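Chains A and B supply the protein sequences, listed in that same order. Numbering (my numbering) for the first sequence: 878 to 1307. Numbering (my numbering) for the second sequence: 878 to 1307.
There are 2 protein chains.
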Amino acid sequence: MNASIISVGQELLLGDTINTNASWIGQFLSQQGIHCTEVVTIGDDSVQITAALDRLFAENDVIIMTGGLGPTHDDITKVTLLRYFKDTLVRHQPTFDHVEGIFQRRGMPFSVSNHAQADVLSRSDVLFNKTGTAPGMWIPHNGRLLAVLPGGPREMKYLMENEVMPRLKVNNGDSAAYRAHYFQLTGIGESNLSDLLIGDTSTLTSESVTLAYLPHTHGITMRISSFAKDHEIALRQAEPLIDHIRQTAGEFVYSELRNDTIQATAVRMLTDAGKTVATAESCSGGQLAHFITNVPGSSAIFPGGIVAYSNALKTKLLGVPEEVLATYGAVSEPVALQMAKAAAEITGADFGLSSTGVAGPDGGTPEKPVGTVWIGFWSASKHFALKAQLYPDRLINKERSAVIALDILRRELAGIQNLPYGLNRKDSAK
Amino acid sequence: MNASIISVGQELLLGDTINTNASWIGQFLSQQGIHCTEVVTIGDDSVQITAALDRLFAENDVIIMTGGLGPTHDDITKVTLLRYFKDTLVRHQPTFDHVEGIFQRRGMPFSVSNHAQADVLSRSDVLFNKTGTAPGMWIPHNGRLLAVLPGGPREMKYLMENEVMPRLKVNNGDSAAYRAHYFQLTGIGESNLSDLLIGDTSTLTSESVTLAYLPHTHGITMRISSFAKDHEIALRQAEPLIDHIRQTAGEFVYSELRNDTIQATAVRMLTDAGKTVATAESCSGGQLAHFITNVPGSSAIFPGGIVAYSNALKTKLLGVPEEVLATYGAVSEPVALQMAKAAAEITGADFGLSSTGVAGPDGGTPEKPVGTVWIGFWSASKHFALKAQLYPDRLINKERSAVIALDILRRELAGIQNLPYGLNRKDSAK
Chain A
878 MNASIISVGQ ELLLGDTINT NASWIGQFLS QQGIHCTEVV TIGDDSVQIT
928 AALDRLFAEN DVIIMTGGLG PTHDDITKVT LLRYFKDTLV RHQPTFDHVE
978 GIFQRRGMPF SVSNHAQADV LSRSDVLFNK TGTAPGMWIP HNGRLLAVLP
1028 GGPREMKYLM ENEVMPRLKV NNGDSAAYRA HYFQLTGIGE SNLSDLLIGD
1078 TSTLTSESVT LAYLPHTHGI TMRISSFAKD HEIALRQAEP LIDHIRQTAG
1128 EFVYSELRND TIQATAVRML TDAGKTVATA ESCSGGQLAH FITNVPGSSA
1178 IFPGGIVAYS NALKTKLLGV PEEVLATYGA VSEPVALQMA KAAAEITGAD
1228 FGLSSTGVAG PDGGTPEKPV GTVWIGFWSA SKHFALKAQL YPDRLINKER
1278 SAVIALDILR RELAGIQNLP YGLNRKDSAK
Chain B
878 MNASIISVGQ ELLLGDTINT NASWIGQFLS QQGIHCTEVV TIGDDSVQIT
928 AALDRLFAEN DVIIMTGGLG PTHDDITKVT LLRYFKDTLV RHQPTFDHVE
978 GIFQRRGMPF SVSNHAQADV LSRSDVLFNK TGTAPGMWIP HNGRLLAVLP
1028 GGPREMKYLM ENEVMPRLKV NNGDSAAYRA HYFQLTGIGE SNLSDLLIGD
1078 TSTLTSESVT LAYLPHTHGI TMRISSFAKD HEIALRQAEP LIDHIRQTAG
1128 EFVYSELRND TIQATAVRML TDAGKTVATA ESCSGGQLAH FITNVPGSSA
1178 IFPGGIVAYS NALKTKLLGV PEEVLATYGA VSEPVALQMA KAAAEITGAD
1228 FGLSSTGVAG PDGGTPEKPV GTVWIGFWSA SKHFALKAQL YPDRLINKER
1278 SAVIALDILR RELAGIQNLP YGLNRKDSAK
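Put into structure tokens, the structure is as follows:
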């Protein structure tokens, strides 16, 4: 089954809003074995909407259209569809009552412009939106299917999951099966990974089994896509390639789950091991603690952390001696070592992680240019720091130092000797 | 001048990567008065690329195409363009030398598959990519213009700014002038803002002057778009609407800059006032410190913060009495008050901000459901906390508590009496 997405909204073209809806829908459809062939993003423009519907109906079984269903004057999707299908509007009473209730609970007048939210095309099957005020519409047309949804992400996702998918499943009888397998890697660059580790995969890939490298700020995601007549075959034909990646790049793989992160992995591993970690951050400025606490259940493994942004605070809260700061500077091995140790000692955690570096854009020197970071690690049996040279970009430097710290922890918990990026540890005398 | 964007890449359709490039390019083009009419996102597919080029060349002066220029087998953009233009490849020696240098510096073999990165269409004007390995290409075609760029965001932006824009400016002689004015607001919901404060704007807007509400996780951005024959008129005709918004919603406006954030605003205001802030976080888990330290120059106004995730750490580091925790629980007014005070006292900062709440998804109770947060504020003259009921979503709760804390600080620095969302302060007896 083929699908296309029409994203309606001037704000998307002007770049004020990023089209995360299309990405989510594409991902969601692929998980159901529905192949998304194209995303068209256009303004709130009747002519463009009509042209896109004509073109995409010719080539796709399904069209998912989002946006332009609100109550303001620039929301013209409904009126365009009325003309396209030569249809009329009818009031959907359950939606009317629901929207009226929303306004009442907010203590706000339920104005006439909001009444019209409950009007739908008479030929449509209403997709009741209990999370918001704009209902979706399901419109079969000449053997094709059109789902019209509001643009607000939460409402769109709710309607896709609860109203659109059941209807699509009914229609998706004999589509080809699609299976994807993911590898999440960090601690290595894409070139080295593909050229030096994974190598030539031409005997393991084909038209039905493909491999894609998806680099991102946290590392690299590798996606193996497998298309076949049924799910069993799709799974089985991808196994040789999956095994090859495990064999050659296993050390760098922190997860084989689709949407996993290094922080979720670290939290899982700590939970399984019954251990805890504390953080002492300077250049990452809270990002490391933030990543850890993004993970539900992290309170079981994270008592807390300190963001010692000033040198005075490094001394006062983390016991970094003033002489050490004066002699070596904040961005140095002894400071990273002491910060990691103090984080663990103060909190009683099993592990301490620290960061100290030059995030930029200011603060660089010839000896310590922007992007110079020291990451410290402390445990009862190991105490070391490593130095990395990151980027001329503050936000990337913050994020990367946090990711490297989490990867060091993962490798410790997994018993992996090597450090990320082939870096060497500077072990303190224990 | 009209433009369209073609985003090439299967990962975009599968939703593994979000199409941030198209948003950035759309924004960038609009700043130059170039009107982006459509974004087409397709797979690494020759047939689709060819069809998109045919269709969009007919309707647009400019096409910006990104993606598919890498060295792996699924990068087919160049080969497709060779056929489309019936052209041949030539080696661009400066690019070859540049890429060879990159590989040498990384200590990596410069393999033959990477040599081909330096090959370009003979009819193209090479857009030299000094930030990466894939050069862009500038291809005039029947009075239209095609810019072909790599998909990596940093490289794409570098080439757009340094290579594409100068060439577009040369061609953009008599395009209509476009001016946009932005308002960044927080502390109020979209309905209340538009219905109760801004109200009816029909006498202030027209086809040439439009108003859009762009809600997002940090609040609401309002964009006024003004199209006219020249820049002076475009600026002037939008003034009545701009003034109206300042009059009616001024309290909630923290900035009139396009890409501003509440944290950058807070850092600017603190810097101007010569003041400092420290943080004590529980439920926001480091996000507040992270937001502040994202802003260059924040080290001048932020000595640091404590993430006291466990109750033990709230007592040990922030002096929250055990009896208070036992009696009222961590998510309570006295705890928020003490945390904010301790943050400032420990660090010597002028202001202390705190957060304590139930981020979720677990931990909610009937009295304190998921989303219950207390935000604390301390200064030499004011000490209070406010309670908000946020969302059933952990990440949104973390982010919103941090944003509310920063907005409280902004209002204090701006001398605004009211608190966000019409909330009431619970003042501690001073």
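All C-beta atoms, glycine included, are put in the ideal place defined by N, C-alpha and C. Since the model is a prediction, treat every value here as computed from it, not as a measurement.
Do the segment 1175-1188 of chain A and the segment 1144-1163 of chain A make contact, defined as three or more Cβ pairs closer than 8 Å? yes
Is it buried or exposed for ASP1077 (chain A), if we count other Cβ within 10 angstroms and need 16 for buried? exposed
My output table needs one value for HIS1095 (chain A): the three-state DSSP class, helix, strand or coil. coil
Chain-ordered residues of the segment 1130-1144 of chain A with a beta carbon less than 7 Å from chain B: none
Could you compute how far the alpha carbon of GLY1237 (chain B) sits from the alpha carbon of GLY1248 (chain B)? 7 Å
CA-CA distance, THR1082 (chain A) and ASP1120 (chain A)? 13 Å
Quick check: what's the CA-CA separation for LEU1263 (chain B) versus SER1231 (chain B)? 10 Å
Quick one: measure Cβ to Cβ for LEU998 (chain B) and LEU959 (chain B), integer angstroms, because I've assumed they're closer than 8 Å. 7 Å
So HIS1058 (chain B) packs on ILE1097 (chain B), CB below 8 Å; how close in whole Å? Not quite, the Cβ-Cβ distance comes to about 15 Å (not below 8 Å), so this is no contact.
Less than 7 Å between C-beta atoms, sequence neighbours within five positions excluded: which residues of the same chain meet that for PRO971 (chain B)? PHE1005
Cβ of GLY1253 (chain A) within 8 Å of Cβ of ALA1213 (chain A)? yes
Give a yes or no on contact between the segment 930-937 of chain A and the segment 898-905 of chain A, applying the rule of three or more CB pairs nearer than 8 Å. no
Among the candidates B:GLY910, B:GLN908, B:THR954, whose CA atom is the shortest distance from the CA of ALA929 (chain B)? B:THR954
Pairs of beta-carbons, one from the segment 1027-1040 of chain A and one from the segment 1001-1019 of chain A, closer than 8 Å: are there three or more? yes
Pick helix, strand or coil for GLN821 (chain A), following the three-state DSSP scheme. No answer is possible for residue 821 (chain A): the residues shown for chain A start at 878 and end at 1307.
Other residues of its chain near TYR1298 (chain A): CB distance less than 6 Å, five sequence neighbours each side excluded: GLY1064
DSSP three-state call for THR914 (chain B): helix, strand or coil? strand
Which whole runs of the beta strand (DSSP E) in the segment 992-1080 of chain A are 3 residues long or more, in chain order? 996-998, 1002-1004, 1013-1018, 1021-1026, 1054-1062
Alpha-carbon spacing of VAL917 (chain B) relative to ILE883 (chain A), whole angstroms: 10 Å
C-beta contact flag for VAL1235 (chain A) and PRO1246 (chain A) at 8 Å: yes
I'd like to know if HIS1095 (chain A) contacts chain B, where contact means its C-beta is closer than 8 Å to some C-beta of that chain. no
Since TRP1384 (chain B) contacts ALA1221 (chain B) with CB under 8 Å, what's their CB separation in whole angstroms? Since the first residue of chain B shown is 878 and the last is 1307, residue 1384 (chain B) is not available in this structure.
Determine the burial state of ASP1051 (chain B): buried for a count of at least 16 other Cβ atoms within 10 Å of its Cβ, exposed for fewer. Residue placement at ASP1051 (chain B) is poorly supported in this model, since its pLDDT is 40, which falls under 50; the coordinates are not used for a value here.
Measuring only between beta-carbons, confirm whether ARG1287 (chain A) sits less than 8 Å from chain B. no
If we cut at 8 Å on Cβ distances, does ALA1089 (chain B) have a partner in chain A? yes
Give me the residue from A:THR897, A:LEU1286, A:TYR1055 with the minimum Cα distance to ARG1113 (chain A). A:TYR1055
DSSP beta-bridge partners of THR1087 (chain A): A:SER1102
First and last residue of the alpha helix (DSSP H) that includes ASN1274 (chain A)? 1271-1291
Over what stretch of residues does the alpha helix (DSSP H) that includes THR954 (chain A) continue unbroken? 954-962
Do SER923 (chain A) and the ligand ZN come close, with the Cβ less than 7 Å from some heavy atom? As far as ligands go, the structure on display features none, and thus does not contain the ligand ZN.
In the segment 1181-1208 of chain A, which residue ranges form an unbroken beta strand (DSSP E) of at least 3 residues, counting only runs that do not cross its ends? 1181-1185
Rounded C-alpha distance that separates GLY1163 (chain A) from GLY1206 (chain B): 25 Å
First and last residue of the uninterrupted alpha helix (DSSP H) at THR1249 (chain A): That residue, THR1249 (chain A), is in no alpha helix (DSSP H); its beta strand (DSSP E) goes 1249-1255.
For GLU1133 (chain B), the first and last residue of its enclosing alpha helix (DSSP H): Where GLU1133 (chain B) is concerned, there is no enclosing alpha helix (DSSP H), given that its DSSP letter is neither H nor E.
Does the beta carbon of MET1099 (chain A) come closer than 8 Å to any beta carbon on chain B? no
If you measure from the beta carbon of PHE1179 (chain B) to each beta carbon in chain A, is any gap under 8 Å? yes
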